[in-house]
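The block underneath contains the structure these notes are about, expressed in structure tokens.
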Amino acid sequence: MHAVDVKNLVKRYGKIEAVKGVTFHVDEGEIFGLIGPNGAGKTTIIRIISTLLKITEGSVNVFGYDINRDANEIRKLISYLPEEAGAYKNLTGREYLRFISSFFDGNDLVERGVEIANLGKRIDDKIETYSKGMTRRLLVARALMNKPKLAILDEPTAGLDVINAQEVRRIIKESVREGVTVLLSSHNMLEVEFLCDRIVLIDSGRIVEEGEPLKLKEKYDARNIEEVFVKVIG
Amino acid sequence: MSFFSLVKKEIKELLTPSTILPMIITVFLFVALGNAFGNIAEEVEKKQDIGLINCDNGIFSDIAVQEIEKFANIKYEGKDEGEIDKVLNEFKDKIICIIFIPSNFSENIDSSKQAEIKIYWLVKGLGLGDIVSSAFFDNVFATISNKISSEIIEKNGINSTNVLLPLAKREITILKNNEIEGISPQMLSNFLYSQSVTIPIVMMIIIMMSGGMVISSMGMEKENKTLETLLTLPIRRSEIVVGKITGSAVVGLMMATIYMIGFGYYINSFQASSQIKLADYGLNLSGYDYLLIALSVFLALTSALAMCVVLGVFAKNYKSAQTLTLPLSMLALIPMFLIMFKDFETMPALLKIILFIIPFSHPMMASRFLLFNNYFMVIAGIAYVAIFSIIFMLIAVKIFNTDKLITGTIRK
Numbered sequence: 003m004h005a006v007d008v009k010n011l012v013k014r015y016g017k018i019e020a021v022k023g024v025t026f027h028v029d030e031g032e033i034f035g036l037i038g039p040n041g042a043g044k045t046t047i048i049r050i051i052s053t054l055l056k057i058t059e060g061s062v063n064v065f066g067y068d069i070n071r072d073a074n075e076i077r078k079l080i081s082y083l084p085e086e087a088g089a090y091k092n093l094t095g096r097e098y099l100r101f102i103s104s105f106f107d108g109n110d111l112v113e114r115g116v117e118i119a120n121l122g123k124r125i126d127d128k129i130e131t132y133s134k135g136m137t138r139r140l141l142v143a144r145a146l147m148n149k150p151k152l153a154i155l156d157e158p159t160a161g162l163d164v165i166n167a168q169e170v171r172r173i174i175k176e177s178v179r180e181g182v183t184v185l186l187s188s189h190n191m192l193e194v195e196f197l198c199d200r201i202v203l204i205d206s207g208r209i210v211e212e213g214e215p216l217k218l219k220e221k222y223d224a225r226n227i228e229e230v231f232v233k234v235i236g
Numbered sequence: 275m276s277f278f279s280l281v282k283k284e285i286k287e288l289l290t291p292s293t294i295l296p297m298i299i300t301v302f303l304f305v306a307l308g309n310a311f312g313n314i315a316e317e318v319e320k321k322q323d324i325g326l327i328n329c330d331n332g333i334f335s336d337i338a339v340q341e342i343e344k345f346a347n348i349k350y351e352g353k354d355e356g357e358i359d360k361v362l363n364e365f366k367d368k369i370i371c372i373i374f375i376p377s378n379f380s381e382n383i384d385s386s387k388q389a390e391i392k393i394y395w396l397v398k399g400l401g402l403g404d405i406v407s408s409a410f411f412d413n414v415f416a417t418i419s420n421k422i423s424s425e426i427i428e429k430n431g432i433n434s435t436n437v438l439l440p441l442a443k444r445e446i447t448i449l450k451n452n453e454i455e456g457i458s459p460q461m462l463s464n465f466l467y468s469q470s471v472t473i474p475i476v477m478m479i480i481i482m483m484s485g486g487m488v489i490s491s492m493g494m495e496k497e498n499k500t501l502e503t504l505l506t507l508p509i510r511r512s513e514i515v516v517g518k519i520t521g522s523a524v525v526g527l528m529m530a531t532i533y534m535i536g537f538g539y540y541i542n543s544f545q546a547s548s549q550i551k552l553a554d555y556g557l558n559l560s561g562y563d564y565l566l567i568a569l570s571v572f573l574a575l576t577s578a579l580a581m582c583v584v585l586g587v588f589a590k591n592y593k594s595a596q597t598l599t600l601p602l603s604m605l606a607l608i609p610m611f612l613i614m615f616k617d618f619e620t621m622p623a624l625l626k627i628i629l630f631i632i633p634f635s636h637p638m639m640a641s642r643f644l645l646f647n648n649y650f651m652v653i654a655g656i657a658y659v660a661i662f663s664i665i666f667m668l669i670a671v672k673i674f675n676t677d678k679l680i681t682g683t684i685r686k
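For the record, the sequence lines run as chains A and B. Under my numbering, think of the first position of the first sequence as 3, with each following residue one higher. Under my numbering, think of the first position of the second sequence as 275, with each following residue one higher.
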């Protein structure tokens with residue numbers, strides 16, 4: 003059974019077709035990347051898998067659960083980090099983690115979240131006083147503290163400086179070692195190359211290529227995935 | 275557990291300095307205004323400090339002085355007109371006026387001429403609170419006139435009461451088949467002031483405060499980009515809707531209660547202390563009646579909040595959420611004004627229909643209906659508002675299950 007199984011997925015917003023018959027799957031325990039420029043349809047696909055948007059055509063299954071029928075069950079297995087996510091500003095970092103942990107089973111979730119966020123004493127300050135990097139680390143911690151079966155991360159390092167971005171990538175890799183499957187989207191090709199076991203390249207709502215980063219580089223005789231993407235789009 | 279966390283989070287997010295501070299300022303203003311008006315009323319009722327110069331030795335000035343003593347504390351008493359300037363200088367900060375009775379006071383009355391009492395007012399300012407004290411003398415003057423008239427009439431061997439009060443008024447107000455003896459419609463209206471004005475205003479405040487909270491909460495979720503995360507958590511959409519409604523209702527009710535205390539203080543400053551007991555006229559509410567009123571208030575609040583969740587879907591941020599409270603405010607204001615000025619039964623059919631359709635009207639009208647044992651209207655109202663609330667809650671849950679919250683358009 004795949005962690006995620008997407009078949010002939012179509013999503014239309016009125017007359018605009020954002021996703022045009024996409025098919026791919028994510029295996030358990032891997033980091034899978036959706037790669038493409040802004041407006042390619044990555045976020046729409048991710049939002050559908052996260053149960054936020056309804057599908058127009060096709061099917062999506064998460065650990066065997068149908069997205070149309072079993073959305074509530076799927077929500078128990080996933081953890082979603084939106085690209086522009088925020089946190090409740092009037093809560094402290096710890097209170098926010100405690101609030102999120104109340105939706106999941108398991109012991110010591112908050113302690114684990116505090117450890118992942120690594121904010122020191124600032125964890126007990128109000129979130130409104132946090133920098134962008136601190137907030138993002140808190141949100142990544144929130145997404146991974148309960149060891150979800152599937153973590154869906156939309157541009158996980160968006161807007162972060164190099165140090166914070168590296169820290170977030172380290173946290174993601176660490177989580178996978180602990181059994182979390184990761185589906186992430188990014189337009190940062192170098193990040194994807196570093197993180198992902200397999201990727202799909204998306205352009206204008208269609209998958210234009212897929213495979214392991216190393217094999218794709220060989221196939222297109224490219225130095226990095228960025229070059230692969232340019233060659234594929236041609 | 276997760277539901278209560280959601281409610282707790284809502285309360286924490288909504289109770290911020292920016293929401294608490296305006297509330298405290300408003301309550302403070304109400305209390306300050308109430309105090310100011312209360313002081314004015316007390317000042318009119320309390321015995322005033324005055325100066326008295328009585329140059330007359332006749333029986334009628336004695337009557338006048340006896341009456342003045344009943345209404346005022348005489349801080350200076352003199353018998354010479356020349357003392358007026360001295361009193362004005364020495365007592366100007368201690369008294370509010372000098373009453374001067376001229377030496378020909380009794381003589382003029384005896385010779386069937388109009389006698390005169392002079393009053394020198396010592397005005398300290400032109401503010402509302404500064405000039406009210408003059409009202410006190412109107413009562414004194416009327417009583418003195420009355421006593422002197424009685425004295426003159428009795429002197430001629432006639433019963434003064436028959437001359438001064440030849441007629442007695444016996445009022446019976448018939449209202450909705452109830453005969454209320456000894457009370458005029460005006461008095462009744464004053465006694466039912468709370469039903470006519472206070473309850474509609476309080477209901478309006480509760481609805482607008484709580485409703486505004488729900489819409490703001492939705493706006494804040496979008497502005498702070500927390501909604502997407504919330505919608506992917508393992509909690510039913512219906513629980514999110516109910517959680518938002520509960521949290522906002524708690525904060526809204528808390529704020530409304532504080533407002534009501536301030537507003538009640540303000541209103542009470544106008545109220546006369548001696549009120550006729552409505553129960554003596556069969557116009558009272560039983561425990562069961564209060565239960566029905568509480569149910570009506572609860573359901574109206576639920577309907578308002580469910581409606582606000584639907585409205586809140588259209589809020590893009592906290593600012594736009596404030597604009598979205600306008601339709602709700604209108605729906606709360608319309609019944610408030612209608613009920614303040616007209617009774618449901620005396621309204622034209624169209625207004626009756628409008629009033630019935632607006633769910634917030636029902637708790638505003640409930641106490642008045644119950645006072646006259648019109649249980650049908652109260653129970654029909656409760657049933658209607660319950661159905662209204664359920665429909666709007668279902669609509670809210672339905673919308674939460676669509677793309678609308680994320681994309682701004684509703685698609686199945």
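Using N, Cα and C, we set each Cβ at its ideal position, and we do this for glycine too. As the structure is a computational prediction, the values presented were derived from the model and not from experiment.
In whole angstroms, give me the CA-to-CA distance for Ile337 of chain B and Met638 of chain B. By one-based count along the second sequence, residue 337 of chain B stands at place 63. By one-based count along the second sequence, residue 638 of chain B stands at place 364. Ile337 of chain B and Met638 of chain B: Cα-Cα distance of roughly 52 Å.
So if DSSP puts Ala346 of chain B in a beta bridge, which residue, or which two residues, is it bridged to? Mapped onto the second sequence, residue 346 of chain B falls at position 72. In DSSP, Ala346 of chain B forms a bridge with B:Gln322.
Residues, ordered as in the chain, of the segment 498-523 of chain B that lie near chain A by beta-carbon distance below 7 Å: Asn498, Lys499, Thr500, Glu502, Thr503, Leu505, Thr506, Leu507, Pro508, Ile509 and Arg510
Per DSSP, the bridge partner or partners of Asp156 of chain A: Numbered from 1 along the first sequence, position 154 holds the residue referred to as residue 156 of chain A. According to DSSP, which records beta bridges pairwise, Asp156 of chain A is partnered with A:Ser187.
Who are the neighbours of Ile680 of chain B on chain A, taking C-beta pairs under 7 Å? Taking the second sequence and counting its residues from 1, the one referred to as residue 680 of chain B is at position 406. Per Cβ cutoff of 7 Å: Arg49, Leu54 and Leu55.
Just by C-beta distance, which residues in the segment 73-95 of chain A are closer than 7 Å to chain B? Asn74, Arg77, Lys78, Ile80, Tyr82, Pro84, Glu86, Ala87, Gly88, Ala89, Tyr90, Lys91, Asn92 and Leu93
Test item: CB-CB of Leu11 of chain A and Ile50 of chain A under 8 Å: In the first sequence, the residue the question calls residue 11 of chain A occupies position 9. In the first sequence, the residue the question calls residue 50 of chain A occupies position 48. Yes, they are a contact pair.
Mapping the DSSP letters down to three states, classify Cys198 of chain A as helix, strand or coil. For the purposes of this step, residue 198 of chain A is taken as residue 196 along the first sequence, with counting starting at 1. The answer is coil: DSSP assigns Cys198 of chain A none of H, G, I, E or B.
Under 8 Å between the Cβ atoms of Phe26 of chain A and Val8 of chain A? Start at 1 with the first residue of the first sequence, and residue 26 of chain A comes out as number 24. Start at 1 with the first residue of the first sequence, and residue 8 of chain A comes out as number 6. Cβ atoms of Phe26 of chain A and Val8 of chain A: closer than 8 Å.
Between the CA atoms of Leu186 of chain A and Glu287 of chain B - distance to the nearest angstrom: Within the second sequence, residue 287 of chain B is the residue found at index 13, counting from 1. Within the first sequence, residue 186 of chain A is the residue found at index 184, counting from 1. Distance between the alpha carbons of Glu287 of chain B and Leu186 of chain A: 30 Å.
Residue range of the alpha helix (DSSP H) that includes Glu364 of chain B: In the second sequence, counting from the first residue as 1, residue 364 of chain B sits at position 90. Glu357 to Glu364 is the span of the alpha helix (DSSP H), which, as asked, contains Glu364 of chain B.
If you measure from the CB of Phe411 of chain B, is any heavy atom of the ligand ADP nearer than 7 Å? As for the ligand ADP, it is missing from this structure, which has no ligand bound.
For Lys123 of chain A and Gly43 of chain A, what's the separation of their Cα atoms in angstroms? Position 121 of the first sequence holds residue 123 of chain A. Position 41 of the first sequence holds residue 43 of chain A. If you take the alpha carbons of Lys123 of chain A and Gly43 of chain A, they lie about 39 Å apart.
Can we say the segment 496-514 of chain B touches the segment 666-685 of chain B, given the rule of at least three CB pairs closer than 8 Å? yes
Just confirm the distance between the C-beta atoms of Asp354 of chain B and Cys329 of chain B, as a whole number of angstroms; I'd bet it's less than 8 Å. Here residue 354 of chain B refers to the residue found at position 80 of the second sequence. Here residue 329 of chain B refers to the residue found at position 55 of the second sequence. Contact flag correct, Cβ pair sits at about 7 Å.
Considering only the beta carbon of each residue, do Thr53 of chain A and Thr531 of chain B sit closer than 8 Å? As a position in the first sequence, residue 53 of chain A is number 51, starting the count at 1. As a position in the second sequence, residue 531 of chain B is number 257, starting the count at 1. Against a cut-off of 8 Å, the Cβ pair of Thr531 of chain B and Thr53 of chain A comes out as no contact.
Check this for me: beta carbons of Asn148 of chain A and Leu99 of chain A, under 8 Å apart or not? By one-based count along the first sequence, residue 148 of chain A stands at place 146. By one-based count along the first sequence, residue 99 of chain A stands at place 97. No.
Of all the CB atoms in chain A, is at least one closer than 8 Å to the CB of Ser491 of chain B? Against the second sequence, residue 491 of chain B aligns to sequence position 217. Closer than 8 Å: no.
DSSP has Ile509 of chain B in a bridge; who is on the other side? Translated into the one-based positions of the second sequence, residue 509 of chain B becomes position 235. Answer is none; Ile509 of chain B lacks a bridge partner.
Got a sec: is the Cβ-Cβ distance from Ser177 of chain A to anything in chain B below 8 Å? Walking along the first sequence from the start, residue 177 of chain A turns up at place 175. No, because no Cβ of chain B sits closer than 8 Å to the Cβ of Ser177 of chain A.
Identify every residue that forms a DSSP beta bridge with Lys13 of chain A. By 1-based counting over the first sequence, the position of residue 13 of chain A is 11. A:Val21, per the DSSP bridge assignment.
Is it the case that the segment 55-75 of chain A contacts the segment 217-228 of chain A, given that we only count it when at least three CB pairs across the two stretches are under 8 Å? no
If you draw a straight line from the alpha carbon of Met529 of chain B to that of Val437 of chain B, how long is it in whole angstroms? Locating residue 529 of chain B in the second sequence gives position 255, counting from the first residue. Locating residue 437 of chain B in the second sequence gives position 163, counting from the first residue. The straight-line gap from Cα to Cα measures roughly 58 Å.
Could you tell me which residues DSSP pairs with Asn63 of chain A in its beta bridges? By 1-based counting over the first sequence, the position of residue 63 of chain A is 61. Answer is A:Asp7 and A:Asp68.
How many Å lie between Lys321 of chain B and Thr417 of chain B at the Cα? Here residue 321 of chain B corresponds to residue number 47 of the second sequence, with the count starting at 1. Here residue 417 of chain B corresponds to residue number 143 of the second sequence, with the count starting at 1. Using only the alpha carbons, I get a separation of about 15 Å.
Counted within 10 angstroms of its Cβ, other Cβ atoms place Ala409 of chain B as buried (16 or more) or exposed: Here residue 409 of chain B corresponds to residue number 135 of the second sequence, with the count starting at 1. Classification for Ala409 of chain B: exposed.
Beta-carbon proximity list for Asp29 of chain A, same chain, < 7 Å, skipping 5 on both sides: To locate residue 29 of chain A, count along the first sequence from 1; it is residue 27. Answer for Asp29 of chain A: His4 and Ala5, listed in chain order.
Starting from Ser81 of chain A and walking both ways along the beta strand (DSSP E), at which residues does that stretch end? One-based indexing of the first sequence puts residue 81 of chain A at position 79. Element bounds for Ser81 of chain A: Ile80 to Leu83.
Just verifying my parser: in three-state terms, what is the DSSP assignment at Ile372 of chain B? The count along the second sequence starts at 1 and reaches residue 372 of chain B at position 98. Three-state result, Ile372 of chain B: strand.
Ile129 of chain A beta carbon less than 8 Å from that of Tyr82 of chain A: On the first sequence, residue 82 of chain A is found 80 positions in, with the first residue counted as 1. On the first sequence, residue 129 of chain A is found 127 positions in, with the first residue counted as 1. No, Cβ-Cβ distance for Tyr82 of chain A and Ile129 of chain A is not below 8 Å.
Three-state class that DSSP yields for Arg444 of chain B in the structure shown: For the purposes of this step, residue 444 of chain B is identified with residue 170 of the second sequence, where counting begins at 1. The answer is coil: DSSP assigns Arg444 of chain B none of H, G, I, E or B.
If you check the beta carbons only, do Ala595 of chain B and Ser490 of chain B fall under 8 Å apart? If you number the second sequence from 1, residue 595 of chain B lands on position 321. If you number the second sequence from 1, residue 490 of chain B lands on position 216. In contact: Ala595 of chain B and Ser490 of chain B (Cβ atoms closer than 8 Å).
Output, in sequence order along the chain, the residues in the segment 103-114 of chain A whose CB is closer than 8 Å to any CB in chain C. Within the model displayed, chain C is absent; protein chains A and B are what it includes.
Excluding five sequence neighbours on each side, which residues of the same chain lie with their C-beta closer than 6 Å to the C-beta of Gly521 of chain B? The sequence position of residue 521 of chain B within the second sequence is 247, counting from 1. Cβ neighbours of Gly521 of chain B beyond the five flanking positions: Val281, Glu284 and Ile285.
Ser548 of chain B at chain A interface by Cβ criterion, 8 Å: For this step, residue 548 of chain B is matched to residue 274 along the second sequence. For Ser548 of chain B, the pLDDT reaches just 44, beneath the cut-off of 50, and the residue's location in the model is therefore unreliable, although a value from the coordinates is still provided. Not one chain A Cβ lies under 8 Å of Ser548 of chain B.
Against chain A, which members of the segment 289-307 of chain B pass a CB distance test of less than 7 Å? Thr290
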